[in-house]
Amino acid sequence: MADLVVVTTAFLILVGVALLVAVLLRHRSGVGPTYPGSWVWWWAADRLARIRDTRPARRDDAPDASPPHQGSGAPPPHGGIPGTPPPHGGIPGTPPPYGGGASGAHGTGGDAVHWSAGVDAAPWTAGGAVAPPRPVAERPAVRRLVVEPPRGGREPEPRLPARVVAGGGWHSSVFHGWCGTAEGPRPTARLVVRAATLRGATHAGLGTEGQDAIGAAWDEGRSALYLAVADGLGSLPRSGRVAAEAVTAALHLCVSRPEGITFAGNGDRLFEAIADGMVRSLPEGVRLEGACTLVVAEVLPRFDGAQVTVHGVGDSEAWALYADRWEPVHHERGGADNATRDVPTHVRPFTHAYDLPPGAALLLGSDGFAGALDTTVSPLARQLAREWRTPPSWLDFVNHVGFVDEYWADDRSAVAVWIGEGAGDE
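When the letters of the sequence shown are read in order and numbered with our numbering, they come out as residues 6 to 431.
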């Protein structure tokens, strides 16, 4: 009996020494566990991996022997092999480019994206085994080139110009900045503006100029911000110039109107003056060959949010974002045909008033961008509701307006303002 104990003890000691030597060799080669006490788990995982890699690989036409998904948990991501990256090589859980493989209007009908099985099959190796999936790095789509980090860890926000108008034309345009009255007897919430107009794929492919225009103006005397977006009618060749003229006229009239005329109560008067100004300033040939939709907003910041009034003609739209939900402020959807009202033909805008709390955002957009928003099924609306909880950087904003979806090939224009939490809020 004593001899058996001695032999068993010696055997266990030899096994332990062999395992210890193996672990030390793995440490020196940089393979295996890198912390004390983990060699047992590493050894077990290594054995299991070797057993898995020696199994015959299952062909695509072989019957699926795996059990069906059960329980209330989520199915494997994108409906393929668990652990593999999504088929478009992006971040798991994001929709595919061009909305492929999804259901609903231009995207998914729910939060999960389900892909057909077999699309994301792992690559075959020369030996017939399935190669392990490569990790997908989660990184932002747009990264700034930082030569010297800014003081305080963030770039300073520039002051919004007193008045700025940008047209699409042959190029894209961007502006951004802040405005508000942080001092004096009437301190207000700080407003942060992001704006971009991008020439659409249709115009670029045809070699024609874009037809959108955007603008913003801060009236220091009234402590009011005015925003405008115009979308030229694609059926008329001079509509781009008409759109730029409409935005210019709208902002000029808003900041130069007499004191007794309010913005909220004089939408008809404002649009009549815009149309009259276009008739006087534009050559006759341009007037006859151009028209646009137009939406204009007044934002009156207060200490506890902002009061918003929107006048609109046509399918350029206004939306409010608060608590991760989009609410339409102005739109003219629902018509039986594709026709839309336009300026200068129509000068009776629809008027809407809205009170926005701190932390909310107001968006004005042409139909090439705002048309992709929907409160129920739009993947763009869901994504932007998360991304725009706070003002994005101006570069990220341009990236968001230029989202990838070949269905939306028209010019895209958007002007957004975020309402601060209080006077001088950053």
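Backbone N, C-alpha and C fix where the C-beta goes; we use that ideal spot for every residue, glycine too.
- Following the DSSP letters along the chain, one finds residue 279 inside the alpha helix (DSSP H) bounded by residues 272-286.
- If you compare the alpha carbons of 317, 167, 297 and 373 with that of residue 275, the shortest gap goes to 317.
- Taking the CA atoms as reference points, residue 335 sits about 15 Å from residue 304.
- The alpha-carbon of residue 422 is positioned some 19 Å away from that of residue 217.
- A straight line joining the alpha-carbon of residue 313 with that of residue 231 spans about 10 Å.
- Shortest Cα-Cα distance from residue 253 to any of 377, 17, 375 and 167 involves 167.
- Residue 372 carries a helical assignment under DSSP once its states are collapsed to helix, strand and coil.
- Just so you know, the alpha carbons of residue 172 and residue 382 end up roughly 31 Å apart.
- Going by DSSP, residue 159 is part of no alpha helix (DSSP H) at all; its letter is neither H nor E.
- Between residue 184 and residue 244 a beta carbon distance of about 30 Å is seen, past the 8 Å cut, so the two are scored as non-contacting.
- The three-state secondary structure of residue 266, taken from DSSP, is coil.
- Non-local C-beta neighbours of residue 385 in its own chain, meaning closer than 7 Å and more than five positions away in sequence, comprise 377, 378 and 408, ordered along the chain.
- By the C-beta density criterion, residue 240 is exposed, having fewer than 16 other C-beta atoms within 10 angstroms.
- In the three-state reduction of the DSSP assignment, residue 408 falls in the coil class, being assigned neither a helical nor a strand state.
- DSSP lists 215 as the bridge partner or partners of residue 174.
- Looking at 178, 250, 212 and 186, the one whose alpha-carbon comes closest to that of residue 308 is 186.
- Per DSSP, the unbroken alpha helix (DSSP H) holding residue 392 starts and ends at 384-392.
- Excluding residues up to 5 positions away in sequence, 361, 362, 363 and 424 lie with their Cβ nearer than 6 Å to the Cβ of residue 310 in the same chain.
- Residue range 322-327 is occupied by the beta strand (DSSP E) that includes residue 322.
- With respect to the C-alpha of residue 175, the residue from 222, 214, 155 and 21 having the closest C-alpha is 214.
- The alpha-carbon separation between residue 198 and residue 356 amounts to approximately 22 Å.
- For residue 335, there is no enclosing alpha helix (DSSP H); the enclosing beta strand (DSSP E) has its first and last residue at 330-335.
- Here the alpha carbons of residue 151 and residue 401 stand approximately 15 Å from one another.
- In the structure shown, the three-state DSSP call for residue 399 is helix.
- Here the alpha carbon of residue 194 sits roughly 6 Å from the alpha carbon of residue 306.
- Shown here, residue 338 sits in coil according to DSSP, grouped into three states, outside any helix or strand.
- The alpha-carbon of residue 418 is positioned some 19 Å away from that of residue 147.
- The alpha-carbon separation between residue 281 and residue 372 amounts to approximately 25 Å.
- Between residue 370 and residue 321, the C-beta gap is smaller than 8 Å, which places the two residues in contact.
- Leaving aside the five residues that flank residue 284 on each side, the residues in its chain whose CB is nearer than 8 Å to its CB run, in chain order, 292 and 349.
- Around residue 301, the same chain offers 233, 255 and 316 as residues with beta carbons nearer than 6 Å, after the five sequence neighbours per side are excluded.
- With fewer than 16 other Cβ atoms from the protein chains shown falling within 10 Å of its own Cβ, residue 225 counts as exposed.
- If you look at residue 250, you'll find it in the alpha helix (DSSP H) that goes 244-261.
- Around the beta carbon of residue 345, 16 or more other beta carbons lie within 10 angstroms, which makes this residue buried.
- Judged by DSSP secondary structure, residue 357 falls within the beta strand (DSSP E) whose first and last residues are 355-361.
- Relative to residue 337, the option among 330, 329, 354 and 325 whose CA is nearest is 354.
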